[in-house]
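Novice: Numbering (this note's numbering), first residue to last: 1394 to 1743.
Before I ask anything, here is the structure I am working with.
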């Protein structure tokens, strides 16, 4: 026969078990109590983007912080910071939601934290989350700029490497075909950019180097004011001339190219040097300056001798290289009666 005290103990235990089984589980509310440390939930995921869900989420986070003993100024709960700025379906996305949802979350947080200092605990987390957005945004900008710089330099370098060959081994027709395709593709983007800028409404941000970025936060639009087609075309020529002079100086100083070969290349480059502003003298000065920087001792007299043998007049050998691009339309040249002759590229193809 079971004595009375033991019956009471059993009855109490059974009643507790029945009550525990009859209470419906509330998602996320008791996870930190009834689960092991290894399986604890690190964040509350919203089921809907409505006030009830945000209040439940706030209550969950408030309870979590109360149980963990978080005091004002403690921002050690990294998953909470991440959840505040999480824009995914289950994330809080706190800074981009409607004010009513923000208030619902704060209300839930106060209920969960259960102390008057709840707002003092929550406030520093909002500050920390905002600061993280600032760092992440800057990181995104840096990534975009780095990719832009890398791809721009690589794209220009690839074009220049081909253009060097077209100047030293090709004909004017080869270069015109190259430049024609270049202008056609690039000009489409340039004209689109100009059309966007004419629409107006932008705030202008100019870098110290002169690059201009136009921003319109209302339409989430940013337009980089890229160089015109004419400017970029001229820059392709100028950079090509710099590369040519640099390579000629290095190769000639190390006896990697014969004197007569270099004179022949200089002679065949004369037409290309006249195809864009500032014209023959200015573009030859770009080549000369790069040659002198890479050749070494007596570079000026060596280049002058090479240029004179290649048929360049003395008057064009002492011009200063241009310090900035000044665009003046160059008239379209008509083929001469005798023609330019087949290029070396054409002969090689044959």
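Just so you know, even glycine gets a beta-carbon here, dropped at the ideal spot from N, CA and C.
None of these values were measured; they are calculated from a predicted model.
For residue 1636 versus residue 1674, is the C-beta distance shorter than 8 Å?
Specialist: no
Novice: What is the DSSP secondary structure of residue 1435, counted as helix, strand or coil?
Specialist: coil
Novice: By DSSP, does residue 1614 sit in helix, in strand, or in coil?
Specialist: strand
Novice: Please identify the residue among 1607, 1622, 1523 and 1703 whose C-alpha is closest to the C-alpha of residue 1656.
Specialist: 1703
Novice: Where does the unbroken beta strand (DSSP E) through residue 1609 begin, and where does it stop?
Specialist: Residues 1605-1609.
Novice: Taking DSSP as the reference, what is the three-state secondary structure of residue 1578?
Specialist: helix
Novice: With 16 other CB atoms within 10 Å as the buried threshold, where does residue 1627 fall?
Specialist: buried
Novice: Which residues in the same chain have their Cβ closer than 6 Å to the Cβ of residue 1513, if we skip the five residues on either side of it in sequence?
Specialist: 1465
Novice: Considering only the alpha carbon of each residue, which of 1681, 1707, 1634 and 1467 lies closest to residue 1555?
Specialist: 1634
Novice: Assign residue 1433 to buried or exposed, taking buried as 16 or more other Cβ atoms, counted over all protein chains shown, within 10 Å of its Cβ.
Specialist: In this prediction, residue 1433 scores a pLDDT of 44, lower than 50, which makes its location untrustworthy; no coordinate-derived value is stated.
Novice: Among the residues of its own chain, which have a CB less than 7 Å from the CB of residue 1672, if the five just before and after it don't count?
Specialist: none
Novice: Are the CB atoms of residue 1699 and residue 1632 within a distance shorter than 8 Å?
Specialist: no
Novice: Using 10 angstroms around the beta-carbon of residue 1441, count the other beta-carbons present and answer buried if the total reaches 16, otherwise exposed.
Specialist: exposed
Novice: Out of curiosity, what's the CA-to-CA distance linking residue 1670 and residue 1676?
Specialist: 8 Å
Novice: Ends of the beta strand (DSSP E) at residue 1596?
Specialist: 1596-1599
Novice: Using a 10 Å radius around the Cβ and a threshold of 16 neighbouring Cβ atoms, would you call residue 1689 buried or exposed?
Specialist: exposed
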